[in-house]
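**Student:** Going by UniProt numbering, the residue at position 142 of the sequence shown is 142; the numbering climbs one at a time, nothing skipped. Where a beta carbon is used, it is the ideal one built from N, C-alpha and C, also for glycine.
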Amino acid sequence: MISETTLYQKSAITTQVLILIYLTTRLQYSGTISESSPEDDDVPLSRLGYYRGKNKYKWSKTPANRSSVRTPQHNIILRVPTSNLTENDGKEPYDLWKQYIDDDMLLEIITRTNSKLLEYRSRFTNKDRPELQNVDMDELLAFIGLLMYSAVFKSNHEHADFIFTTDGIGREVFQCVMSKNRFLCLLHCLRFDNAVDRAQRKETDKLAAISYIFNRFVSNCQRVYNISQYATVDEMLVPFRGRSFLMIYMPNKPAKYGLKLMCLCDAEIGYFYNCYIYCGKGSDGESLTDEEKKFMVPTQAVLHLTQPLHGSNKNITCDNWFTSIQQL
1 MISETTLYQK SAITTQVLIL IYLTTRLQYS GTISESSPED DDVPLSRLGY YRGKNKYKWS
61 KTPANRSSVR TPQHNIILRV PTSNLTENDG KEPYDLWKQY IDDDMLLEII TRTNSKLLEY
121 RSRFTNKDRP ELQNVDMDEL LAFIGLLMYS AVFKSNHEHA DFIFTTDGIG REVFQCVMSK
181 NRFLCLLHCL RFDNAVDRAQ RKETDKLAAI SYIFNRFVSN CQRVYNISQY ATVDEMLVPF
241 RGRSFLMIYM PNKPAKYGLK LMCLCDAEIG YFYNCYIYCG KGSDGESLTD EEKKFMVPTQ
301 AVLHLTQPLH GSNKNITCDN WFTSIQQL
């Protein structure tokens, strides 16, 4: 029968043998252990020149020197961020505004609005009333300015009677520009397209009433500025509670109700570069090929928005809703 002393001696010998095997293995792979070369585990992380991953890989803290390495073709940015404006273009805020809302757009609005004013004027006995007359360029610009002021003053939901009142609580800038009746008349008759062929155009374009002006604005945004190498794609909800087939409900957004816009912007400065209005099923795949329309809706949205950037080797960032294997 083996005594407890014998078992203890055998256990001690086994432990010593295991320690010798461990030290021999360490010496084979790491060299001689000396007091002048402490183990990595004893060195503070701030003094190490690398990080050690879970899989025992070592990652250097300093990037490799690639000055002598040729840049891959897919990393060469073909269009750098720059403004396309020349020295002859004005630098005042109004001059820059005209780069986006150009004269062709304003003339189109004047023509279509006057056509509506002519039809609206025929309903009145006195057709010479001042508020029923045609609009010109100066008055249209003044009217757009008042709409901008209403946003500045947070008065876009305020009743017109309170804005134009003369008892001291109204907005004097509105009263100095035009009368309340004229403002309401222009707001009622403002048009952006030809009403004669609108029904025909709606068969292929649900946004026929505003397509020309909106697409022209987006085109001007792309013409004025070349974005940086980093862009981002996401959805935006413009708050709106009026009567429109475009209005949707998004409970995760602060406004919850409004118009849904799919946008591509510069990731560095937030510059608005490309956009389309979501108007129901199929709107994400407009301007895509038949093969691309077979992809999932988020993939179609990314392909639609990035069309002006194809071939420029820019980096597009989006959230998981837009991510798919098809984009690779």
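With C-beta atoms as the reference, is residue 336 less than 8 Å away from Val177?
**Tutor:** Any property of residue 336 remains undetermined from this structure, which presents the chain solely from 1 to 328.
**Student:** Are there three or more Cβ pairs, one per stretch, closer than 8 Å when the region 190-207 is compared with the region 165-181?
**Tutor:** Contact between the region 190-207 and the region 165-181 is absent, because fewer than three Cβ pairs lie under 8 Å.
**Student:** Glu291 and Gln300 look like a contact to me (Cβ under 8 Å); what is the Cβ gap, rounded to whole Å?
**Tutor:** Wrong, their Cβ atoms sit about 11 Å apart, outside the cutoff.
**Student:** Under DSSP, the beta strand (DSSP E) around Lys260 begins and ends at which residues?
**Tutor:** Residues Tyr257 to Asp266.
**Student:** What's the C-alpha gap between Ser34 and Asn65?
**Tutor:** The predicted model places Ser34 with a pLDDT of 42, which falls under 50 and marks its position as unreliable, so this point remains unresolved.
**Student:** Is it buried or exposed for Pro298, if we count other Cβ within 10 angstroms and need 16 for buried?
**Tutor:** It is buried - the Cβ of Pro298 has at least 16 other Cβ atoms within 10 Å.
**Student:** Return the first residue and the last residue of the alpha helix (DSSP H) that Phe214 is part of.
**Tutor:** Element bounds for Phe214: Ser211 to Val224.
**Student:** Please name the residue or residues paired with Val233 in a DSSP beta bridge.
**Tutor:** According to DSSP, which records beta bridges pairwise, Val233 is partnered with Leu264.
**Student:** Along the chain, which unbroken stretches of the alpha helix (DSSP H) at least 4 residues long are found entirely within the region 67-138?
**Tutor:** You should have 93-100 and 103-121.
**Student:** Name the two residues that bound the continuous beta strand (DSSP E) containing Arg52.
**Tutor:** Here the beta strand (DSSP E) through Arg52 covers Tyr50 to Arg52.
**Student:** Between the C-alpha atoms of Leu118 and Leu264, what's the straight-line distance to the nearest angstrom?
**Tutor:** Using only the alpha carbons, I get a separation of about 39 Å.
**Student:** Taking only the alpha-carbon atoms, compute the straight-line gap between His159 and Pro254 and give it to the nearest angstrom.
**Tutor:** His159 and Pro254: Cα-Cα distance of roughly 24 Å.
**Student:** Can you check whether the CB of Phe240 is closer than 8 Å to the CB of Ser258?
**Tutor:** It should be pointed out that residue 258 corresponds to Gly in this sequence rather than to Ser. In contact: Gly258 and Phe240 (Cβ atoms closer than 8 Å).
**Student:** How long is the line joining the alpha carbons of Pro93 and Ala231, rounded to whole angstroms?
**Tutor:** Spanning the two alpha carbons is a distance of roughly 25 Å.
**Student:** Is the region 209-227 close to the region 183-193, with three or more CB pairs under 8 Å?
**Tutor:** These segments touch.
**Student:** Counting only runs of 3+ residues fully inside the region 251-325, write out the beta strand (DSSP E) ranges in chain order.
**Tutor:** Listed in chain order, they are 257-266, 272-277 and 315-317.
**Student:** Measure the CB-CB distance between Ile101 and Leu140 and report whether it falls below 8 Å.
**Tutor:** Taking 8 Å as the Cβ cut-off, Ile101 and Leu140 do not qualify as a contacting pair.
**Student:** Decide yes or no for the touch test of the region 220-231 against the region 305-318: beta carbon pairs closer than 8 Å, at least 3 of them.
**Tutor:** Result yes; three or more Cβ-Cβ pairs closer than 8 Å.
**Student:** How many angstroms separate the CA atom of Pro38 from the CA atom of Leu48?
**Tutor:** Confidence is the limiting factor: at Pro38 the pLDDT is only 49, short of 50, which leaves the residue's position unreliable and the question unanswerable from this model.
**Student:** Skipping 5 residues on each side, what residues in its chain have a beta carbon closer than 7 Å to that of Pro130?
**Tutor:** Closer than 7 Å at the Cβ level, and outside the excluded window around Pro130, lie Arg182.
**Student:** Quick one: is Ile227 buried, meaning 16 or more other Cβ sit within 10 Å of its Cβ, or exposed?
**Tutor:** Result: buried.
**Student:** Would you kindly check if the distance between the Cβ of Met105 and the Cβ of Arg216 is under 8 Å?
**Tutor:** Their beta carbons are under 8 Å apart, which means Arg216 touches Met105 by this criterion.
**Student:** Could you tell me the distance, in whole angstroms, from the CA atom of residue 394 to the CA atom of Val173?
**Tutor:** This structure cannot settle anything about residue 394, because the visible part of the chain is limited to 1 through 328.
**Student:** Starting from Lys61, follow the beta strand (DSSP E) in both directions and report where the run begins and ends.
**Tutor:** Note, Lys61: premise wrong, no beta strand (DSSP E); not H, not E.
**Student:** Taking DSSP as the reference, what is the three-state secondary structure of Met178?
**Tutor:** Residue state, collapsed to three classes: coil.
**Student:** Let me know the secondary structure DSSP gives Ile169 once reduced to three states.
**Tutor:** Residue state, collapsed to three classes: coil.
**Student:** Tell me, please, which residues DSSP counts as bridged to Met148.
**Tutor:** DSSP output for Met148 lists no bridge partner at all.
**Student:** Taking DSSP as the reference, what is the three-state secondary structure of Ile227?
**Tutor:** Correct three-state label for Ile227: coil.
**Student:** Might you give, ordered along the chain, the residues of its own chain that have their beta carbon closer than 7 Å to the beta carbon of Asn134, omitting 5 neighbours on each side?
**Tutor:** Here the set comprises Asn114 and Leu117.
**Student:** Measuring only the C-alpha atoms, how far is Leu27 from Ile325?
**Tutor:** In this predicted model, Leu27 has a pLDDT of only 49, less than 50, meaning its place in the structure is not dependable enough to derive any value.
**Student:** Which stretch, first to last residue, makes up the alpha helix (DSSP H) that contains Arg201?
**Tutor:** Counting along the chain, the alpha helix (DSSP H) containing Arg201 begins and ends at Arg198 to Lys202.
**Student:** Which residues in the same chain as Ser36 place their Cβ atom closer than 7 Å to its Cβ, once the five residues preceding and following it in sequence are excluded?
**Tutor:** Note that Ser36 scores 40 on pLDDT, short of 50, meaning its location in the model is unreliable; the coordinates nonetheless yield the value given after this. Counting only Cβ-Cβ distances below 7 Å, and skipping sequence neighbours, we find nothing.
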